[in-house]
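Presented below is the structure to which this report refers.
Protein chains: 2
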Amino acid sequence: MIIRKLDDVAAAPVAMDGVEGAMRQLVLGAADGVPNFSLRVFTLEPGGHTPCHSHASEHLNYVISGQGTLMDADGKANPLAAGEFAFVQPDETHQFRNVGNAPFVFICAVPKEYE
Amino acid sequence: MIIRKLDDVAAAPVAMDGVEGAMRQLVLGAADGVPNFSLRVFTLEPGGHTPCHSHASEHLNYVISGQGTLMDADGKANPLAAGEFAFVQPDETHQFRNVGNAPFVFICAVPKEYE
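Listed in order, the protein sequences are those of chains A and B. The numbering used here numbers the first residue of the first sequence as 11 and each following residue consecutively. The numbering used here numbers the first residue of the second sequence as 11 and each following residue consecutively.
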């Protein structure tokens with residue numbers, strides 16, 4: 011078994027088109043021997059966001075802190091706050107945005123092939 | 011996409027041999043159409059614990075609140091506190107225990123077949 015503190019996981023800026031002010035930490039993944047899925051943590055600065063995109067891998071999310079929105083394919087901003095969960099289906103257009111004044115920090119679980 | 015608050019998810023006592031003071035909430039799972047893995051949340055009362063067991067499905071965990079230990083096959087008590095992550099490998103003997111005075115609440119992600 012592995013127990014891991016978030017502060018002990020390296021953080022790297024997310025370098026993708028359409029990203030603003032986003033850091034990624036791969037907390038548990040293929041390098042740890044996970045058989046099926048991985049846990050990443052994203053931290054969005056105030057005003058930061060992930061790309062508005064879609065892909066074959068689903069997301070299962072838990073918000074550790076902050077206030078964000080989860081944008082859908084119709085451009086609707088669905089509030090997503092600390093303590094709440096989200097499920098983005100395969101091939102569903104989505105974007106996470108920080109709409110608060112503090113970091114928006116969330117777990118994003120994905121199949122390990124997408125980690 | 012689905013956004014879900016923990017308070018909106020039904021909680022049921024865990025009825026397994028070796029369990030004490032444990033509630034389970036299936037936050038996102040097969041009924042929601044997850045393709046690969048599910049998110050459950052367990053709440054252990056002070057003194058509560060899950061079974062000391064092993065199974066073919068891995069666990070990926072995040073502790074929402076409280077202070078627990080993750081017991082391993084050698085009976086070692088590994089501290090596991092709010093904000094920390096854990097990975098229990100397939101077929102690895104493990105037990106979660108609440109060793110604090112408040113509820114010990116943690117996410118347990120598993121392949122959907124084990125939800």
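No residue lacks a Cβ here, since even glycine has one placed at the ideal position from N, Cα and C.
Segment contact, 8 Å Cβ cut-off, at least three pairs: the stretch 50-62 of chain A with the stretch 23-37 of chain A: Yes, the stretch 50-62 of chain A touches the stretch 23-37 of chain A.
Within-8 Å CB hit, residue 93/A to chain B: Taking Cβ atoms only, chain B reaches closer than 8 Å to residue 93/A, which makes this a yes.
Bridge partner(s) assigned by DSSP for residue 48/B: Bridge partners of residue 48/B according to DSSP: 120/B.
Test: residue 147/A CB closer than 8 Å to a CB of chain B: This structure leaves residue 147/A out entirely; chain A is present only between 11 and 125.
Alpha carbon of residue 87/B to alpha carbon of residue 68/B, nearest angstrom: So the alpha carbons of these two residues sit roughly 19 Å apart.
Cβ shell of residue 44/A (< 7 Å), same chain only, five flanking positions each side left out: Closer than 7 Å at Cβ, skipping near neighbours: 38 and 122.
Nearest neighbour of residue 117/A, chosen from 49/A, 108/A and 99/A [CA to CA]: For residue 117/A, the nearest C-alpha among the options comes from 49/A.
Pick from 114/A, 28/A, 42/A and 12/A that is closest to residue 92/A, judged by C-alpha positions: With distances taken between Cα atoms, residue 92/A lies closest to 114/A.
Strand pairing of residue 75/B, partner residues [DSSP]: Residue 75/B has 115/B as its beta-bridge partners, per DSSP.
Simplified DSSP state of residue 41/B, which is helix, strand or coil: Correct three-state label for residue 41/B: helix.
Exposure of residue 28/A, with buried meaning 16 or more beta-carbon neighbours within 10 Å: For residue 28/A, the number of other beta carbons within 10 angstroms of its own is below 16, and it is reported as exposed.
Proximity test, Cβ basis, 8 Å: residue 105/B and chain A: No - not a single Cβ of chain A is within 8 Å of the one on residue 105/B.
Interface residues of chain B facing residue 85/A [CB-CB closer than 9 Å]: The contacting residues do not exist; residue 85/A stays about 13 Å from chain B at best.
Rounded Cβ spacing between residue 106/A and residue 80/A (contact assumed at less than 8 Å): About 6 Å; that satisfies the 8 Å criterion.
Straight-line Cα distance separating residue 120/A from residue 102/B: In a straight line, the C-alpha of residue 102/B is about 22 Å away from that of residue 120/A.
Chain A within 8 Å of residue 108/B, Cβ atoms only: Between residue 108/B and chain A, the shortest Cβ-Cβ separation is not below 8 Å.
Exposure of residue 111/B, with buried meaning 16 or more beta-carbon neighbours within 10 Å: It counts as exposed.
Within chain A, the residues that residue 43/B reaches when beta carbons sit closer than 7 Å: What residue 43/B touches in chain A: 99.
Residue 40/A beta carbon less than 8 Å from that of residue 12/B: No. Outside cutoff.
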